[in-house]
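A.B. asks: 6 is the number of the first residue of the sequence shown in this note's numbering; add one for each residue after it.
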Amino acid sequence: MAHSSTRARTRQRRRPMSEINVVPYIDVMLVLLVIFMITAPLLTQGVKVELPRASAEPLPPEALEPLVLTVDAAGRYYLNVGGDGENVPVDRDTLLARVAAVLRHKPETPVMVRGDKQVDYGRVIDAMVILQAAGAPGVGLITEPPDDREG
Numbered sequence: 006m007a008h009s010s011t012r013a014r015t016r017q018r019r020r021p022m023s024e025i026n027v028v029p030y031i032d033v034m035l036v037l038l039v040i041f042m043i044t045a046p047l048l049t050q051g052v053k054v055e056l057p058r059a060s061a062e063p064l065p066p067e068a069l070e071p072l073v074l075t076v077d078a079a080g081r082y083y084l085n086v087g088g089d090g091e092n093v094p095v096d097r098d099t100l101l102a103r104v105a106a107v108l109r110h111k112p113e114t115p116v117m118v119r120g121d122k123q124v125d126y127g128r129v130i131d132a133m134v135i136l137q138a139a140g141a142p143g144v145g146l147i148t149e150p151p152d153d154r155e156g
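The structure is reproduced here in structure tokens:
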């Protein structure tokens, strides 16, 4: 009989545990929570801008012809005023005077900037500052649609 009682004890010792130890999972979860809490504020920092819509409506036909300031790769300014002098570079003062004159005559004229992709970004910002000083209420940027073959 002693032999059968030792057999019963070994069966009780070898019985598998049916509980799951969740402590390691809780530790992993807390580490992930701490990582998330640290990185979440870093992801929200940045400059607030209004992005253009991808499906922008074209200007209506009755809209005025826009005043387009072009900045070439060398950083020179070109202004299309009435179709003449479009290929002649202008300096800051001339640009300011011409844009101010056009906007005094037709204040609802849309103003656009077309910058070469190779030009320094500061030069395009400088052009937008000149347009703002001339009285432009808003300035649009002209871009080309992306090539569908890329990507």
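Ideal placement from N, C-alpha and C gives every residue a C-beta, glycine not left out.
Using the Cα positions of R103 and A45, report the straight-line distance between them to the nearest angstrom.
C.D. replies: As a first step, residue 103 is located in the sequence shown; it is residue number 98 there, counting from the start. As a first step, residue 45 is located in the sequence shown; it is residue number 40 there, counting from the start. Each residue's Cα considered, the two are about 48 Å apart.
A.B. asks: Considering only the alpha carbon of each residue, which of R81, G140, L74, V95 lies closest to H110?
C.D. replies: On the sequence shown, position 105 is the one that residue 110 refers to. Among R81, G140, L74, V95, the Cα nearest to that of H110 is on G140.
A.B. asks: To the nearest angstrom, how far is the alpha carbon of V144 from that of F41?
C.D. replies: Reading the sequence shown from its first residue, position 139 is the one you call residue 144. Reading the sequence shown from its first residue, position 36 is the one you call residue 41. In a straight line, the C-alpha of V144 is about 39 Å away from that of F41.
A.B. asks: Going by DSSP, what residue range makes up the beta strand (DSSP E) through T75?
C.D. replies: Here residue 75 is taken as the residue at index 70 of the sequence shown, counted from 1. Element bounds for T75: 72 to 76.
A.B. asks: Using beta-carbon positions only, say whether I147 and V73 come within less than 8 Å of one another.
C.D. replies: Residue numbering aside, residue 147 sits at position 142 when the sequence shown is read from its first letter. Residue numbering aside, residue 73 sits at position 68 when the sequence shown is read from its first letter. Result yes, Cβ atoms of I147 and V73 sit closer than 8 Å.
A.B. asks: Check for me: the beta strand (DSSP E) holding R119 runs from which residue to which?
C.D. replies: For the purposes of this step, residue 119 is identified with residue 114 of the sequence shown, where counting begins at 1. 116 to 120 is the extent of the beta strand (DSSP E) around R119.
A.B. asks: Along the chain, where does the beta strand (DSSP E) that runs through V144 open and close?
C.D. replies: Reading the sequence shown from its first residue, position 139 is the one you call residue 144. That run of the beta strand (DSSP E) goes 144 to 146.
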